[in-house]
Amino acid sequence: MLWKGTIGMTQGLIIKNLSLYHKYEKMTLVNNVSLSIAPSEIVAVVGASGSGKSLLAHSILHLLPEEIEQNCEMLWNGETVNQHNIPQLRGKKIALIPQTIDALDPFLKVGKYLLTLMKGKNKQHRLHKIWSSLGLDIDWLAYFPFELSGGMARRVLIASALVQNPNLILADEPTPGVDADTLSGVLAPFNQMKQEGKSVLFITHDFFAALKVADRIAVMDNGEIIEVSPVSFFAGDGEKLKHTYTKALWQALPQNCFVNNWR
Amino acid sequence: MKKWIPIKLIVPILLILVLYIVAIIIEQKELAIDLNQKNTAPSLTHLFGTDWLGRDMLIRTWQGLSVSLTIGIVTAFCSTIIALLMAVVAGANKKFDRIVRWMIDLFLSLPHLVTLLLITFTLGGGVKGLMIGLIVTHWTSLARVLRVEVFQLNNSEFIQASRQFGKNYIWIVWHHFLPHLYPQIIIGAILIFPHAILHEAAVTFLGFGLSTDQPAIGIILSESMSYLSAGYWWLAFFPGLFLLSITLTFQYMGKQVHRVMERNDRYDSGVNN
Amino acid sequence: MLTIKGVSYHVSSNRCLFDNVSLKIDNEIVGLSGNSGIGKTTLAKLIARIIPLETGSIHVEKSDAKSNPIQLIWQHPEQAVNPKWRIKRILLEAGEIDSDLLKKCGIKKDWLTRFPHQLSGGELQRVCIARCLISKPRVIIADEITTMLDGLSQVDIWELLIIYVKQNKVPMLVISHDEALLNRICDRMINFQKIVDLEKK
Numbered sequence: 001m002l003w004k005g006t007i008g009m010t011q012g013l014i015i016k017n018l019s020l021y022h023k024y025e026k027m028t029l030v031n032n033v034s035l036s037i038a039p040s041e042i043v044a045v046v047g048a049s050g051s052g053k054s055l056l057a058h059s060i061l062h063l064l065p066e067e068i069e070q071n072c073e074m075l076w077n078g079e080t081v082n083q084h085n086i087p088q089l090r091g092k093k094i095a096l097i098p099q100t101i102d103a104l105d106p107f108l109k110v111g112k113y114l115l116t117l118m119k120g121k122n123k124q125h126r127l128h129k130i131w132s133s134l135g136l137d138i139d140w141l142a143y144f145p146f147e148l149s150g151g152m153a154r155r156v157l158i159a160s161a162l163v164q165n166p167n168l169i170l171a172d173e174p175t176p177g178v179d180a181d182t183l184s185g186v187l188a189p190f191n192q193m194k195q196e197g198k199s200v201l202f203i204t205h206d207f208f209a210a211l212k213v214a215d216r217i218a219v220m221d222n223g224e225i226i227e228v229s230p231v232s233f234f235a236g237d238g239e240k241l242k243h244t245y246t247k248a249l250w251q252a253l254p255q256n257c258f259v260n261n262w263r
Numbered sequence: 001m002k003k004w005i006p007i008k009l010i011v012p013i014l015l016i017l018v019l020y021i022v023a024i025i026i027e028q029k030e031l032a033i034d035l036n037q038k039n040t041a042p043s044l045t046h047l048f049g050t051d052w053l054g055r056d057m058l059i060r061t062w063q064g065l066s067v068s069l070t071i072g073i074v075t076a077f078c079s080t081i082i083a084l085l086m087a088v089v090a091g092a093n094k095k096f097d098r099i100v101r102w103m104i105d106l107f108l109s110l111p112h113l114v115t116l117l118l119i120t121f122t123l124g125g126g127v128k129g130l131m132i133g134l135i136v137t138h139w140t141s142l143a144r145v146l147r148v149e150v151f152q153l154n155n156s157e158f159i160q161a162s163r164q165f166g167k168n169y170i171w172i173v174w175h176h177f178l179p180h181l182y183p184q185i186i187i188g189a190i191l192i193f194p195h196a197i198l199h200e201a202a203v204t205f206l207g208f209g210l211s212t213d214q215p216a217i218g219i220i221l222s223e224s225m226s227y228l229s230a231g232y233w234w235l236a237f238f239p240g241l242f243l244l245s246i247t248l249t250f251q252y253m254g255k256q257v258h259r260v261m262e263r264n265d266r267y268d269s270g271v272n273n
Numbered sequence: 001m002l003t004i005k006g007v008s009y010h011v012s013s014n015r016c017l018f019d020n021v022s023l024k025i026d027n028e029i030v031g032l033s034g035n036s037g038i039g040k041t042t043l044a045k046l047i048a049r050i051i052p053l054e055t056g057s058i059h060v061e062k063s064d065a066k067s068n069p070i071q072l073i074w075q076h077p078e079q080a081v082n083p084k085w086r087i088k089r090i091l092l093e094a095g096e097i098d099s100d101l102l103k104k105c106g107i108k109k110d111w112l113t114r115f116p117h118q119l120s121g122g123e124l125q126r127v128c129i130a131r132c133l134i135s136k137p138r139v140i141i142a143d144e145i146t147t148m149l150d151g152l153s154q155v156d157i158w159e160l161l162i163i164y165v166k167q168n169k170v171p172m173l174v175i176s177h178d179e180a181l182l183n184r185i186c187d188r189m190i191n192f193q194k195i196v197d198l199e200k201k
């Protein structure tokens, strides 16, 4: 029972026993996953493609296609989250960083598009502040999505979540194809959010990026969370890690042994 | 993996098939001229009424339909082939692409009906002239769609990979392009159909198309014009309605085919993460 | 051996991505690093003749096979295969399937009858690599081939590629932004930024 330690936690997001079932393929995609994210916490979910990590983000926002059946209990700041009240949270309290640039409106300049996501006064000013905090050039606000390079697109997608001023960001693969120099720039806003008492669910296959930014790492394999460990456990040969799969992931990093001890 | 073919698609296909088969069978029958029964209003014995020679309008309309459907099928088939050939040629290299684009623009910039009339008239009318006219004017919009598809495929990585393995363009067209294009091809062909039928009727109505001894709907409509003022409304009303419903059935069928293919496609792609 | 001489690429008539780049790769694994957006992928596509050459020349040993002797492996395996084909047909496109080679690439028999979307990213990348090896390339260019994969698949894929390359004496150009990875697998590293800057001066 991975969530047992979080009983009594009233702030943040708690997911209990999430199961996803594909009705046509007659297949369980995610099995009995429980996870909690406290305020001021960055939790990374790592796993191979097909392990069900992206589904996790979409199921929190109740954005899954109709052929997938979702069973879980979800609490946001102590209140149950379901199909009916999620519209009040989605894009307001909880924001998603989409995986690809396709999520942006291709016919709107990115600046204009981001303004449409914002609410309240002083939009322009706030947008500029977020924009420069991401290390983006003000001129780039006038770019169309197709004009952005890979690294720029990554940061614009992050901006699209930040402008909604959420308390929880679900980051779905925010780092692929980002080089070492840009990586710290891409990760900085997450640390910033953490300092502001907000939380991040960082979904990635890039173990290295997860280690750099997260407080706790949840390892997913085959639709199940097999281990949740604090980042400090990931050291040396990984003696403190519980599961052999997690150990194998750790040892497979090119910075470590670069071997596959799994299978 | 199960493919979905809903009832909504089967019904229009069956409807058209039955109509067509019955039309072919009754086409053989010479219609009796019964001058005692001329110009009677629709009744139980003559559902669509009779014309000025006492011929049953239901059977005449039905026979007319068989000509229209045949023309529609041939036009849709040939236009689709031309559209596909054009798109494939355009994909071969940039020079061909410019030529094809120019041809598409040329045909699209001319008013459809005027071009059609001109070609049909030049070829001397009749079934052959009309059919060639229809085929030559109806390939453009589908060719435009297919050209873009081919262009996108040409730039996709798996086509580039295929070229890396030394496959030539014809091989790639046959093995890669056609399986990807077939949904557009089928839907495009179905949607050319009602267009062609309506244009056939229009040209015939204007007197440039089929000869008057053929029982086409356009002929029936244009003949009925001289009787309309005498109050014989059924001469135009029922054949017109029939034509309209066939056209709408085809539109509907096209839409359903599109939906089925989209659904199967979405289902095929499944869930990756 | 692969020799590249004086290759340039212009984005538009007045903007040049890189100019007069020359490289020489013997039977070794060479890493090409550099930040995103400076034209590593473009260079790879120029070398593999996917983009036509503007200037310069590329020399490689002739092979008797029909395929291009310089084979590129793409970053996104799911885009590099026809989604409507079964794996067997995908492999056959490159030539005769050699079951020994499939075993080396870790491709299981029952994958052959599946469609690409029924395999995971790592499994599909193995298929792409096997397809590349079936065509008996003289040079392999690997463009960010494990960026989208998890760590374990990454290890497996490099292991099999390195063994093949060393056994068959095939030069390989590895493009990646991950310097730690390049340090692990390459005999020699080239910083693309430095070459570009050097030539610009």
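Protein chains in written order, with full-length UniProt numbering: chain B, 1 to 263; chain Z, 1 to 273; chain F, 1 to 201. A virtual CB, placed ideally from N, CA and C, is assigned to each residue, including glycine.
Pull up the CB-CB distance for residue i and residue j, whole angstroms please, since I reckon it's below 8 Å.
i	j	result
E173 (chain B)	I217 (chain B)	15 Å between Cβ atoms; not a contact.
Y20 (chain Z)	L85 (chain Z)	The Cβ separation is near 27 Å, so there is no contact.
V43 (chain B)	A214 (chain B)	6 Å
S67 (chain F)	F165 (chain Z)	5 Å
V219 (chain B)	G47 (chain B)	6 Å
L32 (chain F)	I190 (chain F)	5 Å
D179 (chain B)	S36 (chain F)	5 Å
I37 (chain B)	I97 (chain B)	Not a contact, Cβ separation roughly 15 Å.
A180 (chain F)	P254 (chain B)	4 Å
Please classify residue i: does DSSP put it in a helix, a strand, or coil?
i	result
T55 (chain F)	coil
S34 (chain B)	strand
T50 (chain Z)	strand
M220 (chain B)	strand
F202 (chain B)	strand
V196 (chain F)	helix
G31 (chain F)	strand
P145 (chain B)	helix
Y21 (chain B)	strand
F18 (chain F)	strand
R259 (chain Z)	helix
S8 (chain F)	strand
P189 (chain B)	helix
M225 (chain Z)	helix
M131 (chain Z)	helix
M253 (chain Z)	helix
Spatial neighbours of residue i within its chain, please: CB distance less than 7 Å, with the 5 preceding and 5 following residues excluded, ordered by chain position.
i	result
G207 (chain Z)	S222
I220 (chain Z)	R60, T61, G64 and P239
S22 (chain F)	I4, K5 and G6
K255 (chain Z)	none
Under 8 Å between the Cβ atoms of residue i and residue j?
i	j	result
G223 (chain B)	S59 (chain B)	no
M253 (chain Z)	I190 (chain Z)	yes
L20 (chain B)	E69 (chain B)	yes
residue 287 (chain Z)	A196 (chain Z)	Past the edges of chain Z, shown from 1 to 273, lies residue 287 (chain Z), and the structure says nothing about it.
R131 (chain F)	L91 (chain F)	yes
A201 (chain Z)	G218 (chain Z)	yes
I73 (chain Z)	L53 (chain Z)	no
V30 (chain F)	R184 (chain F)	no
D221 (chain B)	P176 (chain B)	no
V81 (chain F)	C128 (chain F)	yes
P77 (chain F)	G121 (chain F)	yes
Return the chain-ordered list of same chain residues with a C-beta closer than 6 Å to the C-beta of residue i, the five sequence neighbours on each side being excluded.
i	result
P145 (chain B)	I101, L104 and P106
E227 (chain B)	V219, K242, H243 and T246
Leaving out five residues on either side along the sequence, give the residues of the same chain with a beta carbon under 8 Å from the beta carbon of residue i.
i	result
I134 (chain F)	L91, A94, G95, E96, I97, D98 and L101
R163 (chain Z)	I172
E144 (chain F)	T41, Q75, I175, S176 and H177
T80 (chain Z)	W139, L142, I185, G188, A189 and I192
L198 (chain Z)	L243 and T247
Stretch pair the region 86–93 of chain B + the region 129–138 of chain B: three plus CB contacts closer than 8 Å: no
Inter-stretch contact at 8 Å, needing at least 3 Cβ pairs: the region 15–22 of chain F / the region 34–46 of chain F: yes
Stretch-stretch touch, CB-based, cutoff 8 Å, three pairs: the region 106–120 of chain Z with the region 146–164 of chain Z: no
Given 8 Å, three or more beta-carbon pairs between the region 69–82 of chain B and the region 230–241 of chain B: no
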